[in-house]
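**Student:** Handing you this structure, nothing more for now.
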Amino acid sequence: LEQAYSPMTIRFFVLQAHYRSTLDFSNAALQAAEKGFDRLMKGVETLGKLKPASATSEGIVIAALEKRCREAMDDDLNSPMVISSLFDYVRIINQIAEGKATISEADLAEMKRVFDLYVFDILGLRNEKAADAGGKDMVSPLVDMLLTMRMEAKAAKDWATSDKIRDELMAIGVRVKDRKDGFDWELL
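Following our numbering, the numbering of the sequence shown begins with 839 at its first residue and continues without gaps.
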């Protein structure tokens, strides 16, 4: 192997293939699994930050997610189909986060419940970055405070301060993403 892979990347790699099928154990396959796992965990993090709207956009059916996942598990523990279903809804999560769709409070709570059930309880995955961060609960309010100060600097057209805050956060491993309704951030 070209590099070491985390335990959750290995677990995700194994879950991407049906338990009775042959695994293609290679660097390329493990790197793809690592990217897929990161994308799923970012989707879960984004789901936790979504704000509910008054109604869910047409075409988004949260009950279908659990139905698809349950049917896949009932079909001889077909974990690749569960993962595929979760990725379909990660796409919806990203659309909601970008403001291209909306979700009601009840549907948001249901989606969070289903993701927690299948991602963490049934598939046994965990967000290693959040676990490794350990102190993120303490860091989170500090980063939010700095980013609020950055927004105030931008509102005052103090671009030098705004850029300095963003650049300093990036230097210590915090990626900032501006949104039209505020900001989002993640640990690298």
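Positions of the beta carbon are idealized from the N, C-alpha and C atoms, including for glycine.
(1) Cα-Cα, which of Gln933, Ala998 and Ala944 is closest to Arg1017?
(2) Roughly how many angstroms lie between the CA atoms of Val1014 and Met846, to the nearest whole one?
(3) To the nearest angstrom, how far is the alpha carbon of Leu963 from that of Phe851?
(4) Glu909: which of Ser923, Met879, Ala993 and Leu878 sits nearest, CA to CA?
(5) Please report how far the alpha carbon of Ala866 lies from the alpha carbon of Ala1009, in whole angstroms.
(6) What is the DSSP secondary structure of Glu936, reduced to helix, strand or coil?
(7) Could you tell me which residues DSSP puts in a beta bridge with Lys1015?
(8) With distance defined between alpha-carbon atoms, name the residue in Arg988, Trp1023 and Asn965 nearest to Val977.
(9) Between the alpha carbons of Leu915 and Asp959, how many angstroms are there, rounded?
(10) Whole angstroms are fine: how far does the CA of Lys880 sit from the CA of His856?
(11) Among Ile930, Asp1005, Glu936 and Tyr956, whose alpha-carbon lies nearest the alpha-carbon of Asp945?
(12) If I follow the unbroken alpha helix (DSSP H) through Arg951, where does it start and stop?
(13) At 4 residues or longer, what runs of the alpha helix (DSSP H) sit wholly inside the segment 847-901?
**Tutor:** Taking the coordinates as given:
(1) Taking the sequence shown and counting its residues from 1, the one referred to as residue 1017 is at position 179. Here the closest residue by C-alpha is Gln933.
(2) On the sequence shown, position 176 is the one that residue 1014 refers to. On the sequence shown, position 8 is the one that residue 846 refers to. Their backbone Cα atoms lie some 25 Å apart in a straight line.
(3) Translated into the one-based positions of the sequence shown, residue 963 becomes position 125. Translated into the one-based positions of the sequence shown, residue 851 becomes position 13. Their backbone Cα atoms lie some 11 Å apart in a straight line.
(4) As a first step, residue 909 must be located in the sequence shown, where it is residue number 71. Checked all of Ser923, Met879, Ala993 and Leu878; the closest Cα to Glu909 is Ser923.
(5) Residue mapping note: residue 866 aligns to position 28 of the sequence shown, counting from 1. Residue mapping note: residue 1009 aligns to position 171 of the sequence shown, counting from 1. Distance between the alpha carbons of Ala866 and Ala1009 is about 29 Å.
(6) In the sequence shown, counting from the first residue as 1, residue 936 sits at position 98. Note: Glu936 maps to coil in three-state DSSP.
(7) As a working note, residue 1015 is residue 177 in the sequence shown. In the DSSP output, where bridge partners are listed per residue, Lys1015 has Asp1022.
(8) Residue mapping note: residue 977 aligns to position 139 of the sequence shown, counting from 1. Ranking Arg988, Trp1023 and Asn965 by Cα distance to Val977 puts Trp1023 first.
(9) For this step, residue 915 is matched to residue 77 along the sequence shown. For this step, residue 959 is matched to residue 121 along the sequence shown. Cα to Cα, the separation comes out at about 14 Å.
(10) To locate residue 856, count along the sequence shown from 1; it is residue 18. To locate residue 880, count along the sequence shown from 1; it is residue 42. Computed Cα separation, rounded: 24 Å.
(11) Taking the sequence shown and counting its residues from 1, the one referred to as residue 945 is at position 107. Here the closest residue by C-alpha is Ile930.
(12) If you number the sequence shown from 1, residue 951 lands on position 113. Its alpha helix (DSSP H) spans residues Glu943 to Phe953.
(13) 865-887
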